[in-house]
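In the order they appear, the protein sequences are chains A and B.
The end of the first sequence is residue 1480 by my numbering, with every number in the run present.
The end of the second sequence is residue 1480 by my numbering, with every number in the run present.
Ideal placement from N, C-alpha and C gives every residue a C-beta, glycine not left out.
For reference, the structure discussed in these notes is given below.
There are 2 protein chains.
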Amino acid sequence: MAKQNIFDNETFFSEYQKLREREVNANNLFEIPTLFSLLPDLKGKRVLDLGCGSGERCMDYVKRGASKVTGIDISEKMLAVAKSENSDEKITYLNMPMEDLGSLEGEYDVVISSLALHYVEDYPGVVKNVYRLLCEGGIFLFSQEHPLSTCYSGNGDRWTRDENGMKIHANIADYCVERRNDSTWFVEGIQRYHRMFKTVINTLADNGFRIVKIDEPYPTEELVKKYPEYYDLYHKPDFLFVKAAKNTVAV
Amino acid sequence: MAKQNIFDNETFFSEYQKLREREVNANNLFEIPTLFSLLPDLKGKRVLDLGCGSGERCMDYVKRGASKVTGIDISEKMLAVAKSENSDEKITYLNMPMEDLGSLEGEYDVVISSLALHYVEDYPGVVKNVYRLLCEGGIFLFSQEHPLSTCYSGNGDRWTRDENGMKIHANIADYCVERRNDSTWFVEGIQRYHRMFKTVINTLADNGFRIVKIDEPYPTEELVKKYPEYYDLYHKPDFLFVKAAKNTVAV
């Protein structure tokens, strides 16, 4: 099973760093605030971050009171940034692909993953390992590219625009064809997996998780006034969030 | 709150009857088989059917061993058909809109609703009442128009076609704008509500339901060979199914 390490690609890495340095981007405006809004109370909690990248979120979790944070990532380059910029005695960074979670031991109260699971082929394997690593009542919170984004087939335009160039609708094809569906993002051939909504949810339910909340964030009216280009998120959201609990007893 | 009784419209009623009499339609090919595949064992179970229409499903549930079936529907015309064509001593038909479920008493093991909930504005009200009417461990199973269908805004084409008239993608707009979004189906102004995926799921989770399984049926390859026009369901499924359990104790 192919494990992708795109963040160790020189071109990708430098372009990605530039994107993240822009003050206004979809991550800052929608992804991070939604992730924070769904976080449980982290005081005294043991947190595992899957695909921690350069460790900004690990540091956030420490600031929110986590007693211990373990960040894993496949990319040595990203972890080098993490260790230099987001180091803390409560944080441990491990160079490990998510596909190798089976070798991780320990118990966690909260497992979080931000925009990484759509790069992983063996989603059921990750879900099973997260369940094993969580304590009773533990929370699994993740974001991924929205299924309406991962299904984009790349042949033809992703959007239909009016005569002024405004996006009037998203062109959705093959939503029901689950597949590896590579995308171009700075470099060609970003390995990405399209899964239907039902697969994202059923894999959790089938493996013992209780679905707590789902989110598909879109901009506020205020934000669209300020950045009209983000109206396209009303047509097709970029991100899907799922919060699930390992509840083997009554809730 | 407006309660829609479109099935008592003369034109709609006769056109609808003709559609259902066609041997091959989306209901026969996808909706009914998926509903049956998700049904729990009904032997000795008390079943409530919300929006039972002409009662075919109520009769199916009796055949599958249900001890008692209650079918409710807003349409007197549909219930007249039900009483004449699908009558059984185990079935009780009640002329009642789903919005009035609060006045229903009793306890049920399984509550089922086939393609009716998207007509109802007060979805949380129905969910709360279903929870109240279910026994511990009881199942709520429903189908509705898929959110990618209910979001269709009606201005412009629903599909983009190639030069041979084949549908190449669905035109998806305003998925994130939840609203009453009337459609034309035999008659104009069919009152229909668009809810995002997250709202369908979160309303259940927030009211105590555990999500058991979701389905978004699409045709098999074999079926597409026989009826090529149904390939469009790979682009955009017509139906969403949700199976949820009232689990207040461990599962």
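A distance below 6 Å between beta-carbons, with the five flanking residues on each side excluded, links residue 1308 (chain A) to the following residues of its chain, in chain order: 1302, 1322, 1324. Taking a contact to require three or more Cβ pairs closer than 8 Å, the stretch 1366-1376 of chain A and the stretch 1263-1274 of chain A qualify as touching. At a cut-off of 8 Å between beta-carbon atoms, residue 1365 (chain B) makes no contact with chain A. Taking 8 Å as the threshold, the shortest C-beta distance from residue 1403 (chain B) to chain A falls below it. Of the residues assessed, residue 1299 (chain A) falls on the buried side of the cut-off, its CB having 16 or more other CB atoms within 10 angstroms.
Judged by beta-carbon spacing, residue 1256 (chain B) lies beyond the 8 Å limit of residue 1398 (chain A), meaning their Cβ atoms are not closer than that value. In this structure residue 1337 (chain A) is buried. Its beta-carbon is surrounded by 16 or more other beta-carbon atoms within 10 angstroms.
Contact check for residue 1407 (chain A) against residue 1428 (chain A) passes: the beta carbons are separated by less than 8 Å. Taking 8 Å as the cut-off, the Cβ atoms of residue 1236 (chain A) and residue 1372 (chain A) do not count as close. With a cutoff of 8 Å on beta-carbon distance, residue 1280 (chain A) and residue 1378 (chain A) are scored as not near each other.
With a cutoff of 8 Å on beta-carbon distance, residue 1352 (chain B) and residue 1420 (chain B) are scored as not near each other. Using beta-carbon distances, residue 1353 (chain B) does not count as an interface residue toward chain A, since no partner is under 8 Å.
In this structure residue 1253 (chain A) is exposed. Its beta-carbon is surrounded by fewer than 16 other beta-carbon atoms within 10 angstroms.
Against chain B, the beta carbon of residue 1425 (chain A) has neighbours under 7 Å at 1445, listed in chain order. For the 8 Å CB-CB criterion, residue 1245 (chain B) and residue 1415 (chain B) form a contact.
Where residue 1365 (chain A) is concerned, the enclosing beta strand (DSSP E) starts and stops at 1363-1374.
In the three-state reduction of the DSSP assignment, residue 1404 (chain A) falls in the coil class. Judged by DSSP secondary structure, residue 1472 (chain A) falls within the beta strand (DSSP E) whose first and last residues are 1468-1475. About 7 Å separates the beta carbons of residue 1362 (chain A) and residue 1335 (chain A), which is inside the 8 Å limit, making them a contact pair.
For chain B, the residues of the stretch 1442-1470 of chain A that bring a beta carbon within less than 8 Å of one of its beta carbons are 1442, 1443, 1444, 1445, 1447, 1462, 1463, 1464, 1465, 1466, in chain order. Residues of chain A with a Cβ closer than 8 Å to the Cβ of residue 1406 (chain B) are, in chain order, 1463. Cβ-Cβ distances below 6 Å link residue 1409 (chain B) to 1422 in the same chain, with the five nearest sequence neighbours on each side left out; the list follows chain order. Within the same chain, and ignoring the five residues on either side of residue 1375 (chain B) in sequence, the residues whose Cβ sits closer than 8 Å to its Cβ are 1445, 1465, 1466, 1467, 1468, 1469. Comparing alpha-carbon positions, the option among B:1344, B:1443, B:1436, B:1453 lying closest to residue 1475 (chain B) turns out to be B:1436. Residue burial annotation: residue 1278 (chain A) is buried, with at least 16 other C-beta atoms found within 10 angstroms of its C-beta. Along the stretch 1428-1441 of chain A, going in chain order, the ones with a CB nearer than 7 Å to a CB of chain B are 1430, 1431, 1434, 1439, 1440, 1441. The Cβ-Cβ distance between residue 1448 (chain B) and residue 1259 (chain B) falls below 8 Å. With 16 or more neighbouring CB atoms inside 10 Å of its own CB, residue 1424 (chain A) falls in the buried class.
About 5 Å separates the beta carbons of residue 1443 (chain B) and residue 1430 (chain A), which is inside the 8 Å limit, making them a contact pair. Annotation for residue 1439 (chain B): 1474, 1476 place their beta carbon closer than 6 Å to its own, counting only its chain and skipping 5 residues before and after. Of all residues in the stretch 1389-1402 of chain B, the ones placed with a Cβ closer than 7 Å to any Cβ belonging to chain A are 1389, 1397, 1398, 1399, 1400, 1401, 1402, in chain order.
In the structure shown, residue 1399 (chain B) falls within a strand segment according to DSSP collapsed to helix, strand and coil. Checking the DSSP bridge columns, you'll see residue 1443 (chain B) partnered with B:1471. For residue 1314 (chain A) and residue 1295 (chain A), the gap between their C-alpha atoms comes out near 18 Å. In this structure, DSSP gives residue 1302 (chain B) an extended state, which the three-state scheme calls strand. With a minimum length of 4 residues, the unbroken runs of alpha helix (DSSP H) contained wholly in the stretch 1266-1335 of chain A fall at 1285-1292, 1305-1314.
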